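*Asks:*
Number of protein chains: 2
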Amino acid sequence: MKISKKCQYALKAILELARRNPGKPIKTHDIANAQRISPRFTEIILNELKHGGFVESRRGNEGGYMLARDPKALTVREVIEYIQGAISVAPEAIKDNGDTAFFGNEAFKELWQEVNSAVTEVCGNKTFADMVEFEQAKREKCVPNYCI
Amino acid sequence: MKISKKCQYALKAILELARRNPGKPIKTHDIANAQRISPRFTEIILNELKHGGFVESRRGNEGGYMLARDPKALTVREVIEYIQGAISVAPEAIKDNGDTAFFGNEAFKELWQEVNSAVTEVCGNKTFADMVEFEQAKREKCVPNYCI
DNA sequence: TTATTTCCTACTGTATTAGTAGTATATTAT
DNA sequence: ATAATATACTACTAATACAGTAGGAAATAA
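The listed protein sequences correspond, in order, to chains B and C.
As numbered in my numbering, the first sequence has no gaps in its residue numbers, which increase by one up to the final residue, 160.
As numbered in my numbering, the second sequence has no gaps in its residue numbers, which increase by one up to the final residue, 160.
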């Protein structure tokens, strides 16, 4: 399972929303700028995320997007699965209707399922609140705003 | 990281070699047949595996391929990394020279590294001997050769 | 009404993947 | 030696997915 650029952008966009104080909609333009994503592509992605219930939108002047979910309860896994489908390194090999008559069929199924579980667990345990916190901690460490 | 068909075929080919008693070279044709791979594509893959030192070849009549490594000490990870490069779900995002100036840079790096480690561990612990054994156990269970 | 911004559909260039084709080269059996 | 067989190697191609663009329609606030 490769994480596509689009999917990475989606995660970035949500992180950007999660990081800002809520209450006011944020423009795609701002999100695109902050996260270095093509503005037009950002539109598409945010619109898609809206259909998935991850963000809310407001049109017109002073419009934009707001996070629709609590960052503490929103995992990376959910977003990935919505944008690029179920996490799997070898989707065809796991299907039950696949070719089953060769030696190794069961062993490979088992292998890929183990891999998928491992990935799913990591992504399912990582919330956007975690990520915001992690990033802020890192930045504080590197650029301390106090002197000895 | 998606596991490409080619890579899956490579794993299958090696499993097929690991499963058979060694000593005699096995023809690509037989491997292709047993594992349901396009014969011509099998050639390419086996040749590539030879350059990686995974198999040995013998040309001419009664020629074919033989496993060059001990299945007990050969892991799935090695083959995957040889055929499609280092295991990573988001190679660009992990590089150090990448764009670092946006919020989330560090958090995403950490995330993808966790995912990669998880996958690498699973694949690095699975040997071809394991897989042959697993498959044989499964088959014995389903088609027992004894009666009560 | 005007400026702004989301919403929606369709299109396009590029890269990767999966597989094919043709031929050269090596080995063995006879 | 020669015919038959099988690997070795290079190049090509069709299909698919990915990443991003283009153009306008609809909604909202001032």
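Note that beta-carbon positions come from the ideal geometry of N, C-alpha and C, so glycine has one too.
Computed from a predicted structure; not experimentally measured.
1. With a threshold of 8 angstroms between beta-carbons, can isoleucine 57 of chain B be considered close to chain C, or not?
2. Roughly how many angstroms separate the alpha carbons of lysine 62 of chain C and arginine 70 of chain C, rounded to a whole number?
3. May I have a chain-ordered list of the alpha helix (DSSP H) segments no shorter than 4 residues that lie completely inside the stretch 100-153 of chain B?
4. Between the Cα of glutamine 75 of chain B and the Cα atoms of B:Cys19, B:Asp42, B:Gln96, which residue gives the shortest distance?
5. Listed from N- to C-terminal order along the chain, which residues in the stretch 24-37 of chain B have their beta-carbon within a distance smaller than 9 angstroms of any beta-carbon of chain C?
6. Let me know the alpha helix (DSSP H) ranges lying completely inside the stretch 37-72 of chain B, each 4 residues or longer, listed in chain order.
7. Run the CB neighbour count on arginine 81 of chain B, radius 10 Å, all protein chains shown included, and call it buried at 16 or more, exposed below.
8. Could you check where the alpha helix (DSSP H) with leucine 29 of chain B kicks off and where it finishes?
9. Name the chain B residues that come within less than 8 angstroms of glutamate 118 of chain C, Cβ to Cβ?
10. Among all the DSSP beta bridges, which residues are the ones paired with methionine 78 of chain B?
11. Please decide whether alanine 130 of chain B counts as near chain C, where near means a Cβ-Cβ distance under 8 angstroms.
12. Given a threshold of 16 other Cβ atoms within 10 Å of its Cβ, counted over all protein chains shown, does asparagine 59 of chain C qualify as buried or as exposed?
13. Select from C:Ala141, C:Ala46, C:Gly136 the residue whose C-alpha is nearest the C-alpha of glutamate 126 of chain B.
14. Can you give me the Cβ contacts of isoleucine 38 of chain B inside the same chain, cut-off strictly under 8 angstroms, excluding the 5 residues immediately before and after it?
15. Looking at threonine 87 of chain B and lysine 121 of chain B, is the spacing between their C-beta atoms short of 8 angstroms?
16. Would you check if the distance between the CB atom of tyrosine 21 of chain C and the CB atom of phenylalanine 53 of chain C is smaller than 8 angstroms?
17. So, is lysine 153 of chain B buried or exposed, given that buried needs 16 or more other C-beta atoms within 10 angstroms?
18. Could you confirm whether any beta carbon from chain C is found closer than 8 angstroms to the beta carbon of leucine 123 of chain B?
19. To which residues of the same chain is cysteine 19 of chain C closer than 7 angstroms at the C-beta, ignoring the five residues directly before and after it?
20. Go through its chain and collect everything with a Cβ distance to methionine 143 of chain C's Cβ below 7 angstroms, but skip five positions before and after it.
21. Between lysine 14 of chain C and chain B, is the shortest Cβ-Cβ distance under 8 angstroms, so that the two count as touching?
22. Can you tell me whether glutamate 147 of chain B is buried or exposed? The criterion is at least 16 other CB atoms within 10 Å of its CB, across all chains shown.
23. Can you tell me the Cα-Cα spacing of isoleucine 57 of chain B and isoleucine 49 of chain B, whole angstroms?
*Replies:* Checking against the coordinates, here is how it stands:
1. Not closer than 8 angstroms to any Cβ of chain C, the Cβ of isoleucine 57 of chain B fails to qualify, so no.
2. About 11 angstroms.
3. The qualifying runs are 103-106, 117-136.
4. Here residue 75 of chain B turns out to be glycine, not glutamine, going by the sequence shown. Of the candidates B:Cys19, B:Asp42, B:Gln96, the residue whose Cα lies closest to the Cα of glycine 75 of chain B is B:Asp42.
5. Against chain C - using a Cβ distance shorter than 9 angstroms - the residues of the stretch 24-37 of chain B are Lys24, Leu27, Glu28, Arg31.
6. The alpha helix (DSSP H) runs of length 4 or more contained entirely in the stretch 37-72 of chain B are, from start to end of the chain, 40-47, 51-63.
7. Counting the other CB atoms within 10 Å of its CB gives arginine 81 of chain B a total of 16 or more, which places it among the buried residues.
8. Run containing leucine 29 of chain B: 17-31, per the alpha helix (DSSP H) assignment.
9. The answer, in chain order, is Phe146, Glu147, Lys150, Arg151.
10. DSSP output for methionine 78 of chain B lists B:Glu68 as bridge partner(s).
11. Interface residue, yes.
12. Asparagine 59 of chain C is exposed by the Cβ-count criterion.
13. Of the listed residues, the one whose Cα sits closest to glutamate 126 of chain B is C:Gly136.
14. Within the same chain, Glu28, Leu29, Arg32, Gly76, Tyr77, Met78 come within 8 angstroms of isoleucine 38 of chain B by CB-CB distance, once the 5 residues on both sides are set aside.
15. One thing to note: lysine 121 of chain B has its Cβ no nearer than 8 angstroms to the Cβ of threonine 87 of chain B.
16. In this structure, tyrosine 21 of chain C sits near phenylalanine 53 of chain C, with a CB-CB distance shorter than 8 angstroms.
17. Under this definition lysine 153 of chain B is an exposed residue.
18. Leucine 123 of chain B counts as touching chain C.
19. Within the same chain, Ile92, Ile95, Gln96 come within 7 angstroms of cysteine 19 of chain C by CB-CB distance, once the 5 residues on both sides are set aside.
20. Around methionine 143 of chain C: Leu27.
21. Closer than 8 angstroms: yes.
22. Buried: at least 16 other Cβ atoms inside 10 Å.
23. Between isoleucine 57 of chain B and isoleucine 49 of chain B, the C-alpha separation is close to 10 angstroms.
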